[in-house]
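Below is one structure; the comments refer to it alone.
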Amino acid sequence: MKPTTTAVRAGVARGRIELRQSFTTVQDLWGYLFPTVALLVVMVLMRGSTIPGTEFSRGTMTLPSALGVVVAFGGLVNLAQILTVEREDGTLLRAKAIPGGMLGYLVGKIVLISGMVLVSVVILLVPGAFLLDGLDLSGPGTWLTLAWVLALGLVATMPIGAIIGSLAPNPRNLGVVMLPIMALVATSGVFYPINGFPEWLQWIAQLFPIYWLGLGMRSGLLPDGMQAVEIGESWRHWETAGVLGVWAVIGLVVAPMVLRHMARRESGSSVAARREKAMQRIA
């Protein structure tokens with residue numbers, strides 16, 4: 147068996163084990179459930195409010211947008227956080243020491259993050275479908291759209307998350323990254339149609355994946371009549387695929403170079419130095 151095949155298989159097995167373990171860890175379960183419950187409460191409270199110019203519930207329109215944010219956070223933030231933590235505790239160094247270990251490590255994280263995102267989407271969508279009226283879940287086109295937006299969204303965001311995780315000195319520095327991401331969420335039409343914002347702000351939002359993930363999810367779950375409140379009064383599937391595809395290409399080209407550079411810098415002394423600094427901060 148080829149070493150690459152062995153590494154990929156080991157990575158898949160590792161990712162599946164880590165995903166199962168996440169269902170038995172209190173911290174991970176809290177990460178699954180708390181954001182879901184918080185979002186559902188907000189959307190239920192928004193049921194009586196309508197989108198301007200329509201009679202459609204703002205809460206229902208928020209649900210697919212929130213699914214897009216779940217995908218973006220999984221790919222960008224969760225992967226970056228895992229990489230920085232496991233670089234600091236030496237997990238990454240141990241993977242580097244094994245032949246094919248880095249490939250297996252990355253495959254495992256892809257499986258883990260993809261599984262976590264899929265679970266988060268399901269536990270948000272299923273109760274949301276019962277609590278909120280107006281979602282279009284009847285046709286196969288709905289599920290096909292959700293599938294390609296979810297898959298392409300992960301490919302577009304996970305490499306960027308890997309880059310962020312490779313460049314961040316330690317997990318505590320990720321708080322700085324969260325600020326611009328939260329700003330993008332606020333301006334990407336999650337809670338309010340983006341065409342209500344100033345035009346310059348609309349252009350900025352459309353440069354990044356979060357807006358397009360939300361739009362893609364809305365195109366799958368909302369009735370066609372809701373295109374009227376979108377930019378150009380269209381779901382813009384080709385543009386969604388194009389922008390997410392560009393981000394995917396950029397990430398897939400840059401991420402391997404950054405990861406290789408980061409892996410070369412890893413050594414026992416660097417891990418020990420980071421641990422010492424972490425202990426000093428605790429003390």
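Under my numbering, think of the first position of the sequence shown as 147, with each following residue one higher. Ideal placement from N, C-alpha and C gives every residue a C-beta, glycine not left out.
Review point. At which residue ranges does the stretch 261 to 333 contain complete alpha helix (DSSP H) runs of 4 or more residues, listed in the order of the chain?
Key: 286 to 313 and 320 to 332
Review point. For A329 and chain C, any beta-carbon pair shorter than 9 Å?
Key: Protein chain content of the structure displayed is limited to a single chain, and chain C is not contained in it.
**Study point:** Identity of the residue in L186, G335, G366 and A308 nearest L238 by Cα
**Key:** A308
**Study point:** Beta-carbon contacts of L225 that lie in its chain and below 7 Å, excluding the five residues immediately before and after
**Key:** Cβ within range, chain order: K255, I259, M304, G307, A308 and G311.
Practice item. Quick one: grab the DSSP three-state call for L203. Key: A small fix is needed here, since residue 203 is Ser in this sequence, not Leu. Strand.
Review point. Does DSSP classify T196 as helix, strand or coil?
Key: strand
Check your understanding: Between A153 and V253, is the Cβ-Cβ spacing less than 9 Å?
Key -> A Cβ-Cβ contact shorter than 9 Å links A153 with V253.
**Study point:** Cβ pair P210, G366 closer than 9 Å
**Key:** yes
Check your understanding: Would DSSP call T171 helix, strand or coil?
Key -> In this structure, DSSP gives T171 a state outside helix and strand, which the three-state scheme calls coil.
Review point. Per DSSP, what kind of secondary structure is L368 in: helix, strand or coil?
Key: coil
Check your understanding: Which word fits W381, buried or exposed, when buried means at least 16 other C-beta atoms lie within 10 angstroms of its C-beta?
Key -> Label assigned to W381: buried.
Exercise for review: State the DSSP-derived secondary structure class of Y338, mapped to helix, strand or coil.
Suggested key: coil
Point to revise | Through-space distance from T333 to G199, alpha-carbon basis | key: 20 Å
Check your understanding: Taking DSSP as the reference, what is the three-state secondary structure of W349?
Key -> helix
**Study point:** Buried versus exposed, by CB contacts within 10 Å (16 or more), G214
**Key:** buried
Check your understanding: Do the CB positions of L405 and T386 come within less than 9 Å of each other?
Key -> no
Practice item. Grab me the residues of L124's own chain with a C-beta within less than 8 Å of its C-beta, minus the 5 sequence neighbours each way, in chain order. Key: Because the chain in this structure spans residues 147 to 429, residue 124 falls outside the shown range and cannot be described.
Review point. With burial defined as no fewer than 16 other Cβ atoms inside 10 Å of the residue's Cβ, what is the status of W393: buried or exposed?
Key: buried
Review point. Excluding the five sequence neighbours on either side, which residues of its own chain have a C-beta within less than 8 Å of the C-beta of R240, listed in chain order?
Key: G247
Review point. Which one of P402, Q173, T182 and I377 has the shortest CA to CA distance from V268?
Key: T182
**Study point:** Same chain only: Cβ atoms within 7 Å of T208, ignoring 5 sequence neighbours per side
**Key:** In chain order, M189, M192, V336 and F337 place their CB closer than 7 Å to the CB of T208, counting only its own chain and leaving out the 5 sequence neighbours on each side.
Exercise for review: Taking only the alpha-carbon atoms, compute the straight-line gap between A329 and P339 and give it to the nearest angstrom.
Suggested key: Roughly 15 Å separates the two Cα atoms.
Check your understanding: Is DSSP giving S380 helix, strand or coil here?
Key -> coil
Check your understanding: Are there 16 or more other CB atoms within 10 angstroms of the CB of I228, so buried, or fewer, so exposed?
Key -> buried
Review point. Three-state secondary structure (DSSP) at K148?
Key: Under the three-state reduction of DSSP output, K148 falls in the coil class, being neither helix nor strand.
Review point. How is G360 classed by DSSP in three states: helix, strand or coil?
Key: helix
Review point. If you draw a straight line from the C-alpha of G285 to the C-alpha of D370, how long is it?
Key: Between G285 and D370, the C-alpha separation is close to 13 Å.
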